[in-house]
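Residue numbers (my numbering): 142 to 229. Cβ coordinates follow ideal geometry from the N, Cα and C atoms, glycine included. Values in this document were obtained by computation on a predicted structure and should not be read as measured data. For reference, the structure is listed below as structure tokens.
Structure below.
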């Protein structure tokens, strides 16, 4: 940023900023004074979630738009997949 403030941004696989995760961090984290480390940690977790959703073939944004929310078995699969080591 031109003020010298550091800011974390989550990019999709094409290198484009992801709208909703980044908007959330601006409204709910940055504007409430959270540190860059807190915001970065949050975005790392969201990145992991989207990687898992991709692995499961789930387009979360489309599912929410169509009001076809995650099923219990999908949530359980995400929880089970979080047990693997993530590379940062």
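**OP:** Look up residue 152 in the DSSP assignment and say whether it is helix, strand or coil.
**Re:** Judged by DSSP in its simplified three-state form, residue 152 adopts strand.
Original post:
What does residue 158 pair with, by DSSP beta-bridge criteria?
Top reply: Answer by DSSP bridge pairing, in chain order: 152.
**OP:** Counting only the same chain and skipping the five closest in sequence on each side, list residues whose C-beta sits under 7 Å from that of residue 170.
**Re:** The beta carbon of residue 170 lies closer than 7 Å to those of 179, 180 and 183 in the same chain, with the five residues before and after it left out.
**OP:** Give every residue of the same chain whose Cβ lies closer than 7 Å to the Cβ of residue 155, excluding the five residues on either side of it in the sequence, and list them in chain order.
**Re:** Correct list: empty, nothing qualifies.
Original post:
Going by the beta-carbon positions, is the gap between residue 164 and residue 188 smaller than 7 Å?
Top reply: Cβ atoms of residue 164 and residue 188: not closer than 7 Å.
Original post:
Relative to the C-alpha of residue 214, which residue among 197, 205 and 207 is closest?
Top reply: Taking only the C-alpha atoms, the option nearest residue 214 is 197.
Subject >> Anticipated Cβ contact below 8 Å, residue 147 with residue 177, distance rounded >> reply: Yes, they are in contact, since the Cβ atoms of residue 147 and residue 177 sit about 5 Å apart, within 8 Å.
Subject >> Distance CB(residue 194)-CB(residue 222) smaller than 7 Å >> reply: For the 7 Å CB-CB criterion, residue 194 and residue 222 do not form a contact.
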